[in-house]
Amino acid sequence: MSANTFLQQEMAMHMVQCQFALPLVLPKLSQWEASFLENMESWLLGAGKKIFATKEKALDAAIQKNLLIELKDEAREEVKTEVDKLKSKVEAHLMKDDLFKERTETVKPILMSKMDDLRERVTEETIQRLATLNENHCSSIQLQKFETLLETEQESKLHALVENSKSTKVLLQDEQLEEEFEGVWSKTLSTFDFRPSETDDITVRVTDILKQNLIRRGLQKHIKKISQKLTSNFQVYDEHFGYRSRLKHMFEDNNRLQRLEAQQLACSVIEEYHQSVADKSNLPADFSDSYITEMLENVEKALKDKSMEIKSAFEVDLKVYLCSSACQDFQKLHDRFAKDRELLTFITATKNTYLAKFIYQFRKSDQCQRVAQAFTSMVIKPTVLDYIYRPLGKCIVDEIQGKEQQYQSSHSFNRSLLEELMKEDRFESFLEYLLSYDSFRLRKIQETVVSHLSKSTNLEKWRQQRLGEIIGKIAAAVSETAEGTNGVLSDTKPLLERVCLILESDGDVDVTRASLDGPFFSITTEWDCLVTCLMELLAAMRLELAKEFSQNVDITELLHCLPIQPQHFLLNKVRGCDKQCPFCRAPCEAEGIGHEVHRALLHRPKDMLPYDLCSVSSCPESMIQGNTAQNKDTQNTYVACRDLQSFHPDRNIYTEELASQMSSAYWRYVLVRYNEKFAKEYKKKPAKIPEEWKKITAEEALDSLKEAFLAKQC
Ligand SMILES: [Zn+2]
Ligand SMILES: [Zn+2]
Ligand SMILES: [Zn+2]
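In the working numbering, each residue's number is its place in the sequence shown (first place is 1) plus 534.
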């Protein structure tokens, strides 16, 4: 071996020992190390995935502990395997390298021990990082849990507030909302499960503070008292007082007063301490050293204020007593927050953001509620009521016509009226029929409708059915509008207009949308918030109306409110021709729309009428009210007798006598029966009645009705 080679080897040896020179000796080593560390990074990535996969289970201490132990073992194993690989690479390299081949025995142990150091360092670091990963995961799960809990509390509070503002219509101020939020916040904090600590004892911290305090107060000689076990209650001893002081007060009942005074002072300090524990336990904060410092200062202050002649042992005993209580009391507080300190710091710092969100949400849902309410009451409800009540009049008429024979034609109706009059046999009714034909008929129809409805159960059925239909249509229209608007802020007015348009496209729905104009309905909000409000109100309205429909109803009032009143509708169906006989006012019974020749079936004797028919024949135009123009038209002339119906008659041939001759048995009978009363009513003399008329019986009178209407039917 030449001197030169020896020198080289010596240098190499030194370089191997010096870690900075190592890369020069084994240039590939740093490359191998880098790939080792890279492998560990990807292993950690996998381990992290396992930790995150535990999700909420992370908060189960046992599960998480086991996982962590498992992962730590795996980490050790992984590092060992990797380092072993590294070692064999280094060994192989040494065998090949000319420079080291000769001195392997010396160089190898040095390198191997470096590898072992590396293993230890990386293992420790990996385990540390596992713990951090785990803690981060737990914290974020805790934060999620906290926010979920806060959100739940907020939601129920918001709901209550909106409900309240709905009923009171009072606009809440920000300060009131802040106060409400404060309640939600402290409730959430007090019910939230902070992860308990397992081992972190605060005694050492408290003792340290007490020690420092005593040193600062020049009371080092009492330090051994700190470890004393104390009785459950603080007691004043004779030893707390100096010899001279005891002597001075000897005759005061053996120091009783002095001791009492000291005991009182101690009590008030202890009381104050309990109060502060209670206050601090309510704060959402972990135990702090300052709590102890403050407590010790209180003792000093109390003693200074009182200026008693008492030895420092009293102060020390009192402080030791308080500190040992504090260790227990504040340990609970510390345990509550220990693991979630950072979480607590974070959420406390974010409190204002939560508050702002709370107020914003309230304002939005309050606004939504107001718009939804207005839309429901101003647009939806009138639309619903119109949908329910519009066809009701027709339904009622159809039902009556289907059930009651006399409403099937104008003939049967008129005939039934006359038969009923006969049965009733009241002069006033005859008079009403003769003089106020329209209002008489309307009254009769109204009576039928009311009595029909009070027996029918269909009124509720129809309304409930229509209610169900229209609510379904509205809900569908609202949902259709809601598509694709989830979570998007938008102007509500065009959306509400769209709801109306969709509804209107259903031919059966008449939307009362005039009130939608104006800026009131234009707010910017999340549409689904408004949809929720609308659906709730819609459901409430449905319930309310369904309940109303199931209850007894005042039929007259209901009829009055219908857009189509069944009595008018029914009258129109049975009214027939409006023309009357110019001589006796008997109604035209001709059928067919637009018939040219009018004719009455039951003419009346002239004495049943209030005016003198003599004048009619001489100037008929003036007497036939409203028909003047038509009477000039021969196409539209009144035929006074069914026997002459085929004629186009000349008006002059009709005389009062002819008219009277044509009067029906029915009316002749009525006149005979009420001749006196008619005369009195019309303020004229009773009529002279032909003898044969007096022979007509009620039966014959009714028969004449049958005959007249039957003949008409042929
Ligand atoms: Zn701690
Ligand atoms: Zn007539
Ligand atoms: Zn007619």
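We put the beta carbon where it would ideally sit given N, CA and C, even for glycine.
Output needed for residue i: all residues of its chain with C-beta closer than 6 Å, excluding positions within five of it in sequence on either side, in chain order.
| i | result |
| --- | --- |
| C1034 | V1045, R1047 |
| R997 | I922, F1083 |
| R793 | V770 |
| Y1203 | I1230, A1235 |
| I930 | P1100 |
Let me make sure I understand the geometry here. Which of the options has the alpha-carbon closest to that of residue i?
| i | options | result |
| --- | --- | --- |
| L578 | E994, R960, A609 | A609 |
| L593 | N670, V983, F909 | N670 |
| F1117 | N1106, I1057, D820, M1196 | M1196 |
| E805 | Q792, L856, E1070, S815 | L856 |
| R729 | Q746, S674, T1090 | S674 |
| F961 | Q1099, A1213, R1133, R751 | A1213 |
| G1110 | V617, I1127, Q1099, H1094 | I1127 |
| I585 | D869, Q710, L667, V656 | L667 |
| T660 | L645, A581, Q678, F715 | A581 |
| L1001 | L1077, Q710, A596 | L1077 |
| L1143 | E689, A800, R1119 | R1119 |
| S1024 | A796, E876, E1060, F880 | E1060 |
| K648 | K621, D632, A665 | K621 |
| S815 | L830, F768, D839, Q865 | Q865 |
| L951 | Y967, A1009, E843, L684 | Y967 |
| L867 | V811, V738, L1136, N600 | V811 |
| V803 | D1141, F768, A908 | F768 |
| D1051 | D631, K1027, Q746 | K1027 |
| M912 | L1068, P1139, K937, Q762 | L1068 |
| K840 | D820, E795, L878 | E795 |
| S1056 | A906, N573, Q662 | A906 |
| S858 | V704, A587, R875, M829 | M829 |
Given residue i, which residues of its chain have a CB within under 7 Å of its CB, disregarding the five upstream and five downstream residues?
| i | result |
| --- | --- |
| L748 | Q754, H756, I757, V850 |
| K1211 | F961 |
| E687 | V718, K721, T722 |
| F591 | This sequence places Lys at residue 591; Phe is not what is there. Contacts found: I597. |
| R663 | L578 |
What does the alpha-carbon distance come out to for the pair residue i and residue j?
| i | j | result |
| --- | --- | --- |
| V833 | K759 | 17 Å |
| K845 | L852 | 12 Å |
| I893 | E712 | 8 Å |
| T1231 | L919 | 54 Å |
| I736 | S822 | 10 Å |
| F680 | F726 | 7 Å |
| S943 | Q980 | 17 Å |
| Q565 | R653 | 16 Å |
| E933 | E1215 | 40 Å |
| P916 | P1097 | 12 Å |
| S1013 | E1070 | 13 Å |
| E824 | P1053 | Residue 824 is actually Ser in this sequence, not Glu. S824 and P1053: Cα-Cα distance of roughly 58 Å. |
| T1171 | V1131 | For T1171, the predicted structure reports a pLDDT of 44, less than 50, and the residue's modelled location is therefore unreliable. A value from the coordinates is still provided. Each residue's alpha carbon lies about 6 Å from the other. |
| L706 | I914 | 27 Å |
Could you give the first and the last residue of the continuous beta strand (DSSP E) run that contains residue i?
| i | result |
| --- | --- |
| S1024 | 1023 to 1025 |
| E1060 | 1058 to 1060 |
If you follow the alpha helix (DSSP H) that residue i is part of, which residue opens it and which one closes it?
| i | result |
| --- | --- |
| E604 | 595 to 630 |
| V984 | 971 to 989 |
| P1100 | 1100 to 1108 |
| M574 | 563 to 587 |
| F896 | 875 to 909 |
| T722 | 708 to 725 |
Taking its Cβ as the centre, do 16 or more other Cβ atoms sit within 10 Å of residue i, making it buried, or is it exposed?
| i | result |
| --- | --- |
| Q903 | buried |
| V854 | buried |
| H808 | exposed |
| D863 | buried |
| L1239 | buried |
| V1043 | buried |
| K589 | exposed |
| P561 | exposed |
| I644 | exposed |
| T682 | exposed |
| M629 | exposed |
Spatial neighbours of residue i within its chain, please: CB distance less than 8 Å, with the 5 preceding and 5 following residues excluded, ordered by chain position.
| i | result |
| --- | --- |
| L976 | Q1101, H1102, L1105 |
| L1236 | E953, M956, Y1200 |
| V1206 | I1223, W1227, K1228, I1230 |
| V696 | F896, S899, D900, Q903 |
| E625 | K642 |
| D1040 | K1007 |
Listed by chain order, which residues have C-beta atoms less than 6 Å from any heavy atom of ligand 4? Ligand 4 is not among the ligands present in this structure, which contains only ligand 1, ligand 2 and ligand 3.
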